Amino acid sequence: NKGRIIKLSDSLEVSIPPYSCFDPDNNMPLNGDVRIEVLALAKKGDYIKYLLPTTSNKYLLESEGTFYIRLSQNNHELVLKPNNFLKIRWIYSTPAQNMKFFELNALRSQDSLYTWLPAYNGNVSVWDSTSYGVPKRGYDMTSGSIGWLNCGQFIDTLPQTTRLNVTLPPNYTNKNTFVFATFNNKKT
Numbered sequence: 274n275k276g277r278i279i280k281l282s283d284s285l286e287v288s289i290p291p292y293s294c295f296d297p298d299n300n301m302p303l304n305g306d307v308r309i310e311v312l313a314l315a316k317k318g319d320y321i322k323y324l325l326p327t328t329s330n331k332y333l334l335e336s337e338g339t340f341y342i343r344l345s346q347n348n349h350e351l352v353l354k355p356n357n358f359l360k361i362r363w364i365y366s367t368p369a370q371n372m373k374f375f376e377l378n379a380l381r382s383q384d385s386l387y388t389w390l391p392a393y394n395g396n397v398s399v400w401d402s403t404s405y406g407v408p409k410r411g412y413d414m415t416s417g418s419i420g421w422l423n424c425g426q427f428i429d430t431l432p433q434t435t436r437l438n439v440t441l442p443p444n445y446t447n448k449n450t451f452v453f454a455t456f457n458n459k460k461t
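All residue numbers for the sequence shown refer to this note's numbering, where the first residue is 274 and numbers rise by one.
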């Protein structure tokens, strides 16, 4: 109920306002501490490890920050109250002004488990400041929801395309196999 700014490292912090969570199962006011779990994906291999795409409805995304946020109390999942927002701030040496806010949505597809969709209950902005004479820059992402959240932008694939063909052994199918591709010069 106090609200907090939680510094997870020198380059990442999460803030949540007081009285912003509730238990959707019983709709009662919360008393006591809320557990906040944060997972930050830092490398391309992290997306593969968690079976996450970097696409939005088959359009390629470049991601500059992906986070999983979970709120709980006494092993009960909590959600944010309507019109309440948490903020994730992280340092990024070359932030871009045109990043957008995306949320992960489950699919019922044979080709993919999830897709990122643009979401309107959050936003991404760039910040910069000087601390002890050292300039710092990065992103602020505000979100009215929890779960998988992404700071990204669509990649223009019109100038060039890449075709990927994969030959699999006979026992491998689209039900038991995933194929991932990464690009050296893009954060995909």
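Glycine is no exception: its CB is placed at the ideal position from the N, C-alpha and C atoms. Quick caveat: nothing in here was measured; it's all calculated off a predicted structure.
{"query": "Helix or strand or just coil, what does DSSP make of Lys547?", "result": "Since the first residue shown for the chain is 274 and the last is 461, residue 547 is missing from the structure and cannot be characterised."}
{"query": "Excluding the 5 residues preceding and the 5 following Gln332 in the sequence, name in chain order all residues of the same chain whose CB lies nearer than 7 Å to its CB.", "result": "Checking the sequence shown, residue 332 turns out to be Tyr, not Gln. Taken in chain order, the residues that qualify are Phe427."}
{"query": "Alpha helix (DSSP H) containing Lys322: first to last residue?", "result": "Lys317 to Lys322"}
{"query": "Does the Cβ-Cβ distance between Asp306 and Leu351 come in under 7 Å?", "result": "no"}
{"query": "For Leu441, which residues from the same chain have a beta carbon less than 7 Å from its beta carbon, with the 5 sequence-adjacent residues on both sides left out?", "result": "Thr450"}
{"query": "Reducing DSSP to helix, strand and coil, say where Val307 ends up.", "result": "coil"}
{"query": "Which first and last residues belong to the beta strand (DSSP E) in which Val397 is found?", "result": "Gly395 to Ser404"}
{"query": "With a threshold of 6 Å, establish whether the CB of Thr327 neighbours any heavy atom of the ligand GTP.", "result": "For the structure depicted, the ligand GTP is absent and the ligand set is empty, with no information on it obtainable."}
{"query": "Can you tell me the Cα-Cα spacing of Thr403 and Ala315, whole angstroms?", "result": "24 Å"}
{"query": "Let me make sure I understand the geometry here. Which of Val287, Asp298 and Asn356 has the alpha-carbon closest to that of Ala313?", "result": "Val287"}
{"query": "Which residues in the same chain have their Cβ closer than 6 Å to the Cβ of Met414, if we skip the five residues on either side of it in sequence?", "result": "Ile361, Val397 and Cys424"}
{"query": "Does the beta-carbon of Pro326 have 16 or more other beta-carbons within 10 angstroms, so that it is buried, or is it exposed?", "result": "buried"}
{"query": "Ends of the beta strand (DSSP E) at Val439?", "result": "Per DSSP, Val439 belongs to no beta strand (DSSP E) and is neither H nor E."}
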